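K.L.:
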Amino acid sequence: MKKIIAILLLFSHNALSLPGDGKLVATPYIKGTIYNQMGAYQEAVSVFKEVLNAEPNNDKAYYQMGVSYLALRQQDKSINAFEKSIEINPKNPNPYLYISVIYLEKKQYKKTLKLYQRANKIIPNNRDFYYNTGVIQEILGKNTKAVEAYKKSIEIKPKFDSYYRIGIVYSKLKQYKKSLDAYQKATSINNLIAEVYFGIGRTYEIMAQYQKAIDSYQIAVSLDQKNPITYEALGFSYYDLKQYKKALSAFQTQEKGLTELWDDYAIEPQGVLDFAKIFGNTHDVVLEIGFGNGDTLVEMAQANPALNYVGIEVYEAGIGRLINSAHIKQLNNLKVMRGDAVEFLSANIADNSLARFQLFFPDPWHKKKHHKRRIVQQDFLNLLAKKLKIGSVCHMATDWQDYAQQMMEMLETNKNFKNTQSAHTYTPRPEFRPLSKFEKRGNRLGHGIWDLIFTHR
Ligand SMILES: C[S@@+](CC[C@H](N)C(=O)[O-])C[C@H]1O[C@@H](n2cnc3c(N)ncnc32)[C@H](O)[C@@H]1O
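Residue numbers (the numbering used here): 119 to 575.
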């Protein structure tokens, strides 16, 4: 997924080059592309509509409008615009790639594969279609098909990421020699990516060739000094070679790495926080309480680089996991606070400083006598309201019906909040909210899912 998005970003940059025709509409078109680059997507849509009024067959304007709608998370409109662009100019690969990202977000993998089959017929020999097909086959657990697709992408154009993925897949298939071979080819194209050397190390470790594993982990460490997982792997390989002092030193460095990452990502507040100073920009701040293992928060921060995210959690393993993946993804718009959210909210978060609040699957305290322990109470909402800006969004979700009812009742009776739906109505599950561990658990137990999206007035 990460790789697909990387490709798309590349394309979106290319797509912002000037249109070769339609002089009359060139100026508004450029204006629209600039709006897209600046993140002013609503304005971009208006401009592209203007362009299309003047020139209804401008495929590039439809394409750019698709990009704007995608950024505005209006997925159906985005697909329509990209499809229009394809209808007019079926030879442009970019709209297919964008549509596939939307299908992937919706986890519609079969549809994505069909889209690529359709695209392959019209634009043969596009390496990205094959590469992305490989990624989807991997997600579907079809590793052999994934290798086939990656190989096809290499036949068209040998690139680092295809070799890297083949290395990973062969390792999963327990074909270690082939895995090493693919990784080596990846490093011959780009020898600066720590993850590949980590992969090589892992494969050698599985093959019980510990010294070779160590050599490779050492290169990974030299390329990314802060990744504690590599130090841990290094420690275990030394341990397997009975080189205990070195193992100990690697484990100690792992701890040091964790401390350094902690300094990069954790906020340890003294007094009221200045988010502009903490993030080095004045982007809107989203606060999430109780992010659990952090996977959904990381996904949202990655998907929305123009927003700053702050997560508060007490669960240490979850905080560690979040920090690690934020580091691997090199996120600079995500910070974490360890401790009780209500205390932080009252003591350290400035009034009128939050643009969005999210609380996903809070502890349900499902026994009636424990309901008073639930975080959503009027006192909490009044405190939260002080911290939210006027017009900001408060988003909650739960898989416990009676907690959903409690949230609805409390939010609707609190004068600071207004339902974005009509009275007593839950919001349909928004696609921008990634599926979380506790939501999956709720689904497994056959629970319903209730989303509530209110604005602060
Ligand atoms: C049921 S889990 C849900 C986790 C995650 N949002 C998800 O959907 O997978 C609730 C989380 O809220 C955290 N939590 C509960 N009360 C908290 C508080 N007062 N401050 C910070 N975190 C809290 C818990 O540690 C737990 O990880």
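All C-beta atoms, glycine included, are put in the ideal place defined by N, C-alpha and C. Owing to the predicted nature of the structure, the values given are computational and were not obtained by experimental measurement.
1. Nearest-angstrom Cα distance between Phe475 and Gln372?
2. Since Tyr117 is in the alpha helix (DSSP H), which residue starts that stretch and which ends it?
3. Any chance you could list the alpha helix (DSSP H) runs of at least 4 consecutive residues sitting entirely within the segment 235-292, in chain order?
4. Can you tell which of Gly157, Thr414, Ile240, Lys374 has the C-alpha that lies nearest to the C-alpha of Lys344?
5. One question on the structure: do Ile508 and His574 come within less than 8 Å of each other, judged by their Cβ atoms?
6. Less than 7 Å between C-beta atoms, sequence neighbours within five positions excluded: which residues of the same chain meet that for Asp139?
7. Between the beta-carbon of Asp560 and the beta-carbon of Ile571, is there less than 8 Å?
8. DSSP beta-bridge partners for Thr573?
9. Distance, Cα to Cα, Glu406 vs Leu506?
10. Going by the DSSP bridge assignment, what does Ile407 pair with across the sheet?
11. Count the other CB atoms within 10 Å of the CB of Leu366; is the residue buried (16 or more) or exposed (fewer)?
12. Considering only C-alpha positions, which residue in the set Ser510, Phe409, Tyr281 is nearest to Asn309?
13. Can you name, in chain order, every residue of its own chain whose Cβ lies under 6 Å from the Cβ of Ser203, other than the five neighbours on each side?
14. Cβ of Tyr322 within 8 Å of Cβ of Ala312?
15. Mapping the DSSP letters down to three states, classify Thr400 as helix, strand or coil.
16. Are at least three pairs of beta-carbons, each pair with one atom in the segment 263-273 and one in the segment 242-253, less than 8 Å apart?
17. Return yes when the Cβ of Glu431 is within less than 8 Å of the Cβ of Arg456, no when it is not.
18. Using a threshold of 8 Å, state whether the C-beta atoms of Val460 and Asn426 are closer than that.
19. Check whether the Cβ of Pro480 sits closer than 7 Å to any heavy atom of ligand 1, and report yes or no.
20. Would you identify the three-state DSSP class for Leu553, choosing helix, strand or coil?
21. In the DSSP assignment, find the alpha helix (DSSP H) that holds Ala300 and state where it starts and stops.
22. Using the beta-carbon count (16 or more within 10 Å), is Ile240 buried or exposed?
23. Between the alpha carbons of Pro552 and Tyr544, how many angstroms are there, rounded?
24. Could you give the DSSP three-state label for Phe479: helix, strand or coil?
25. Report the rounded CA-to-CA distance for Gln361 versus Asp469, giving the unit in angstroms.
26. Can you list, in chain order, the residues of its chain whose CB lies under 6 Å from that of Leu142, leaving out five sequence neighbours each side?
27. When the Cα of Pro211 is compared with those of Asn244, Met183, Leu563, which residue comes out closest?
28. What do you reckon, are the CB atoms on Lys229 and Tyr221 nearer than 8 Å?
29. What's the gap between the Cα of Leu563 and the Cα of Ile467?
30. So Leu452 is in the alpha helix (DSSP H); what residue range does that whole segment cover?
31. What residue range does the alpha helix (DSSP H) around Glu386 cover?
32. Under 8 Å, do Thr516 and Pro482 count as touching if we go by C-beta distance?
33. Quick one: what's got a C-beta closer than 6 Å to Ala419's C-beta in the same chain, skipping five residues either side?
34. Does the distance from the CB of Phe247 to the CB of Tyr227 come in under 8 Å?
35. May I ask you to report which of helix, strand or coil DSSP gives Arg191?
P.N.:
This is what the structure gives:
1. 34 Å
2. With the chain covering 119 to 575 only, the question about residue 117 has no answer from this structure.
3. 245-257, 261-274, 278-290
4. Lys374
5. yes
6. Note on Asp139: pLDDT 40, under 50, position unreliable in the model; the coordinate value appears next. Correct list: empty, nothing qualifies.
7. For the sequence presented, residue 560 should be read as Gly rather than Asp. Going by C-beta atoms, Gly560 is not nearer than 8 Å to Ile571.
8. Val511, Lys536
9. 12 Å
10. Ile430
11. exposed
12. Tyr281
13. Asp177, Tyr180, Tyr181, Pro213
14. no
15. coil
16. yes
17. yes
18. no
19. yes
20. coil
21. 294-307
22. exposed
23. 18 Å
24. coil
25. 55 Å
26. Since pLDDT at Leu142 reaches only 46, below the 50 mark, its modelled position is unreliable, and no value is offered.
27. Asn244
28. yes
29. 36 Å
30. Not the alpha helix (DSSP H): Leu452 falls in the beta strand (DSSP E), residues 452-456.
31. Premise fails: Glu386 is in no alpha helix (DSSP H) and is neither H nor E.
32. yes
33. Tyr427, Leu449, Asn451, Leu452
34. no
35. coil
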